[in-house]
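Here's the structure, in structure tokens; my notes come after.
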Amino acid sequence: MELEPIIGLEIHIQLKTKSKMFCSCSNMGNGDAPNTLICPVCLGHPGTLPVLNSGALKLGLKMALALSCQISDTSKFDRKNYFYPDLPKGYQISQYDKPIAERGEFEIKIPAIKGQVRPEAKIRITRTHLEEDAAKLLHDPEKKYSLVDYNRAGAPLLEIVTEPDFKTPLEAKIFLQELRLLARHLEISDANMEKGQLRCDANISMREFKKNRKSGFDFSDTSAKIEVKNMNSFKSVEKALEYEIKRQSKLWKEKKPPQIPATYGWNDEKGITELQRTKEQSPDYRYFPEPDIPPLDLRELKQEMKNILPELPQEKRKRFIDQYGFNAGDAVIISADKNLANYTEQIVSELKSWLKNLPEIESSEEEIWQNNKKKLAKLISGWLINRYAKLLEEKNITAEESKITPENFAELLTLLYQNKINSNTGQKILEQMFDTGIDPSHAIEEQGLEQVSDENQIEKIIDKVIEKNPKQAEEYRGGKEPVIKYLIGMAMKESKGKANPQIVEKIIKEKLK
Ligand code: ZN
Ligand code: MN
């Protein structure tokens with residue numbers, strides 16, 4: 000019997016607001032001493048009143064819109080009751096039956112690699128809601144005691160629940176990575192999994208694979224839902240799900256598929272999931288409306304947030320491919336970094352006007368661009384991703400902080416495009432521009448680096464090279480073609496790297512025919 004997994008995710012994103020969800024305590028804590036970012040409200044002292052942080056609401060709505068969710072006209076908060084030392088009030092303020100948004104959809108692309116079953120997938124979003132975080136428990140390694148740090152208690156969280164639409168662990172991992180990209184682009188969270196700013200629980204069950212299942216959502220023959228927790232990296236989400244597929248498949252083969260829903264914890268060190276509790280022991284949360292926070296009318300705010308929603312990275316990626324001619328891999332890299340993406344767009348627009356002003360070209364900006372799109376895109380991405388981004392990384396700064404203006408960068412690319420300089424010289428100039436902000440023509444002048452394309456001048460150089468290397472010249476004449484590389488190298492050396500290598504090659508070939 001062939002089996003297929005059914006996977007759904009539940010994600011918590013810590014929102015990047017100045018203050019906590021319902022009080023004015025700082026939410027920007029970073030290594031602060033335990034229990035210093037607290038007040039009577041987030042500690043749940045009797046008589047205190049929570050006040051909703053409108054900033055958190057806005058960030059939550061932004062993400063919900065980016066996930067194409069339906070924003071609710073009205074929404075409210077509820078108390079989710081349970082007792083645990085990390086919960087100072089004895090309940091969590093969350094949202095039960097009226098979340099801020101429901102029924103979204105997000106498309107992911109899946110690489111064509113072994114084990115993957117489709118090139119793309121639409122993941123439906125069940126709901127997104129706001130809630131507060133709990134405190135952090137620190138357990139003594141010898142298990143003699145536990146300590147509580149309430150700094151995190153009351154921090155704003157956005158919970159995102161998906162439908163069970165993932166067919167492979169990799170799909171789940173890709174979705175999470177796309178979600179992180181969205182969160183960073185929208186500036187709602189740094190969404191760092193290792194830091195707990197993005198947390199994910201997964202639900203996974205198995206059913207028999209049938210080719211013509213009437214509806215994809217027929218779960219009548221599906222085994223019980225297993226929830227997996229404690230995964231704190233993208234890799235561990237993928238590994239935990241892969242492990243569960245193996246574990247559950249084995250149970251199916253033994254004719255005893257899981258029948259009782261249960262929660263398992265991922266043990267990263269051992270690489271296994273461990274039973275935490277079965278659903279029979281799961282608490283009844285006795286939800287009821289939070290009496291201290293009035294219900295929300297979101298109609299106006301929804302429109303407001305729609306108006307300021309920026310272009311999403313996924314849309315940007317597509318546009319970089321369609322409009323600018325970047326290949327898919329380059330488009331992913333450039334659009335993943337907002338600064339680099341903006342910088343690239345400015346360079347493209349500057350480059351267009353540089354090209355238009357070249358004396359030898361007499362067509363409109365758009366014509367030049369369209370006719371040479373692929374070549375120009377390759378040139379831009381090559382210099383941006385392989386060379387410039389490397390410099391940024393070395394100096395640990397962003398594109399916006401760098402001294403190279405888009406105009407100067409475009410000029411450098413124009414010089415390369417025209418073969419006025421070769422790539423060795425280009426690299427030297429790029430580094431000088433990076434360090435000092437100088438424009439390329441001045442850098443070339445200062446260092447006398449302009450590429451020599453003058454055929455008479457190059458011919459003289461080549462005559463010299465042939466004279467000095469008669470053996471190699473003879474070999475090439477005799478049909479040993481690879482020797483030309485050596486001769487070109489000699490000519491480049493003779494010209495101190497300034498000769499145009501294409502012309503050098505052409506002339507050597509002519510001379511040694
Ligand atoms: Zn507080
Ligand atoms: Mn939650």
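Residue numbers (numbering that gives the first Met the number 0): 0 to 512. Quick reminder that beta carbons are idealized off the backbone N, C-alpha and C, glycines included.
What does the alpha-carbon distance come out to for the pair F433 and K75? Position 434 of the sequence shown, counted from the start, is the residue given in the question as residue 433. Position 76 of the sequence shown, counted from the start, is the residue given in the question as residue 75. Cα-Cα distance, rounded: 52 Å.
When we look at the beta-carbon of Y522 and count the other beta-carbons within 10 Å, is it buried (16 or more) or exposed? Nothing about residue 522 can be read from this structure; the chain reaches only from 0 to 512.
From S204 to P256, what does the alpha carbon distance come to, in whole angstroms? Numbered from 1 along the sequence shown, position 205 holds the residue referred to as residue 204. Numbered from 1 along the sequence shown, position 257 holds the residue referred to as residue 256. Computed Cα separation, rounded: 9 Å.
Beta carbon of H44: closer than 8 Å to some heavy atom of the ligand MN? The residue given as residue 44 occupies position 45 in the sequence shown. Checking the Cβ of H44 against the ligand MN gives no.
Looking only at its own chain, which residues have a Cβ that is under 8 Å from the Cβ of N338, when we skip the five neighbours before and after it? Sequence index remark: in the sequence shown, residue 338 carries index 339 (1-based). Once the five neighbours on either side are set aside, the close Cβ partners of N338 are T397, A398, E399.
N- and C-terminal bounds of the beta strand (DSSP E) containing P4: Numbered from 1 along the sequence shown, position 5 holds the residue referred to as residue 4. From DSSP, the beta strand (DSSP E) with P4 extends over 2-13.
If we count the other Cβ atoms within 10 Å of its Cβ and call it buried at 16 or more, is K497 buried or exposed? Taking the sequence shown and counting its residues from 1, the one referred to as residue 497 is at position 498. Buried, because 16 or more other Cβ atoms sit within 10 Å of the Cβ of K497.
4 or more residues per run - each alpha helix (DSSP H) lying fully within the stretch 473-507: 482-493
Using the three-state DSSP reduction, which class does Y263 fall into: helix, strand or coil? Here residue 263 refers to the residue found at position 264 of the sequence shown. The answer is strand: DSSP assigns Y263 an E or B state.
For a quick check, are the C-beta atoms of I70 and A152 less than 9 Å apart? Working through the sequence shown from its first residue, we reach residue 70 at position 71. Working through the sequence shown from its first residue, we reach residue 152 at position 153. No.
Residues that L136 bridges to, as DSSP identifies them: Counted from its first residue, the sequence shown places residue 136 at position 137. Answer is V147, bridged to L136.
Please classify S348 as buried or exposed, where buried requires at least 16 other C-beta atoms within 10 Å of its C-beta. Translated into the one-based positions of the sequence shown, residue 348 becomes position 349. Its Cβ having fewer than 16 others within 10 Å, S348 is exposed.
Could you check the C-alpha separation between K172 and D438 for me, to the nearest Å? Locating residue 172 in the sequence shown gives position 173, where the first residue counts as 1. Locating residue 438 in the sequence shown gives position 439, where the first residue counts as 1. Between K172 and D438, the C-alpha separation is close to 43 Å.
May I ask you to verify whether the stretch 220-231 touches the stretch 172-185, counting CB pairs closer than 8 Å and requiring at least 3? no
Where does the unbroken alpha helix (DSSP H) through I244 begin, and where does it stop? As a first step, residue 244 must be located in the sequence shown, where it is residue number 245. First-last of the alpha helix (DSSP H) with I244: 233-252.
Under 7 Å from any heavy atom of the ligand MN, by CB: list those residues in chain order, please. H11, S93, E130, L156, E158
Range of the contiguous beta strand (DSSP E) that encloses E186: Stepping through the sequence shown from its first residue, residue 186 is reached at position 187. E186 -> no beta strand (DSSP E), and no H or E assigned at all.
For the ligand ZN, which residues have a Cβ under 6 Å from at least one heavy atom, in chain order? K19, C22, C24, I37, C38, V40, C41, G153
Under 9 Å, do P87 and Y149 count as touching if we go by C-beta distance? Here residue 87 corresponds to residue number 88 of the sequence shown, with the count starting at 1. Here residue 149 corresponds to residue number 150 of the sequence shown, with the count starting at 1. Yes, the Cβ-Cβ distance between P87 and Y149 is below 9 Å.
Along the chain, where does the alpha helix (DSSP H) containing V116 start, and where does it finish? Numbered from its first residue, the sequence shown carries residue 116 at position 117. Neither: V116 is in no alpha helix (DSSP H) and is coded neither H nor E.
N- and C-terminal bounds of the alpha helix (DSSP H) containing G59: Stepping through the sequence shown from its first residue, residue 59 is reached at position 60. Where G59 is concerned, the enclosing alpha helix (DSSP H) stretches over 53-65.
According to DSSP, is H441 part of a helix, a strand, or is it coil? Walking along the sequence shown from the start, residue 441 turns up at place 442. Residue state, collapsed to three classes: helix.
Please say whether D200 and L8 have beta carbons closer to each other than 9 Å? Taking the first residue of the sequence shown as 1, we reach residue 8 at position 9. Taking the first residue of the sequence shown as 1, we reach residue 200 at position 201. It is a contact, given that the beta carbons lie within the stated cut-off.
Buried or exposed for H128, please, with buried defined as at least 16 other CB atoms from any protein chain shown within 10 angstroms of its CB. For the purposes of this step, residue 128 is identified with residue 129 of the sequence shown, where counting begins at 1. Per the 10 Å Cβ criterion, buried.
Assign G103 to one of three DSSP states: helix, strand, or coil. Looking up residue 103 in the sequence shown gives position 104. Residue state, collapsed to three classes: strand.
Contact under 9 Å by Cβ, I367 with K377: Sequence index remark: in the sequence shown, residue 367 carries index 368 (1-based). Sequence index remark: in the sequence shown, residue 377 carries index 378 (1-based). It is not a contact, given that the beta carbons lie outside the stated cut-off.
Within the same chain, show all residues whose beta-carbon is closer than 8 Å to that of D453, passing over the 5 residues directly before and after it, in chain order. Reading the sequence shown from its first residue, position 454 is the one you call residue 453. Once the five neighbours on either side are set aside, D453 has no close Cβ partner at all.
Less than 9 Å between the C-beta atoms of D291 and P98, yes or no? The sequence position of residue 291 within the sequence shown is 292, counting from 1. The sequence position of residue 98 within the sequence shown is 99, counting from 1. In this structure, P98 does not lie closer than 9 Å to D291 by Cβ.
Hey, out of A154, T262, I487, whose CA is closest to E521's CA? Examination of residue 521 is not possible in this model, given that the chain is present from 0 through 512 alone.
So is Y242 buried or exposed if we call it buried at 16+ other beta carbons inside 10 Å? Position 243 of the sequence shown, counting from 1, holds the residue named residue 242. Result: buried.
Spatial neighbours of F319 within its chain, please: CB distance less than 7 Å, with the 5 preceding and 5 following residues excluded, ordered by chain position. Locating residue 319 in the sequence shown gives position 320, counting from the first residue. Around F319: F325, A330, I333, S334.
Using the C-alpha atoms, what's the distance from E344 back to R179? By 1-based counting over the sequence shown, the position of residue 179 is 180. By 1-based counting over the sequence shown, the position of residue 344 is 345. If I take the Cα positions, the gap works out to 23 Å.
Of all the options A490, Y475, R78, which has the alpha carbon lying nearest to the alpha carbon of D283? In the sequence shown, residue 283 corresponds to position 284, counting from 1. When only C-alpha atoms are compared, the closest one is R78.
Please give me, in chain order, every unbroken run of the alpha helix (DSSP H) with length at least 4 that falls completely inside the stretch 362-411. 364-380, 388-394
Which of helix, strand or coil DSSP assigns to D462: Position 463 of the sequence shown, counted from the first residue, corresponds to residue 462. If DSSP states are grouped into helix, strand and coil, D462 belongs with the helices.
Beta-carbon separation of I12 and E170 under 9 Å? Position 13 of the sequence shown, counted from the start, is the residue given in the question as residue 12. Position 171 of the sequence shown, counted from the start, is the residue given in the question as residue 170. Not in contact: I12 and E170 (Cβ atoms no closer than 9 Å).
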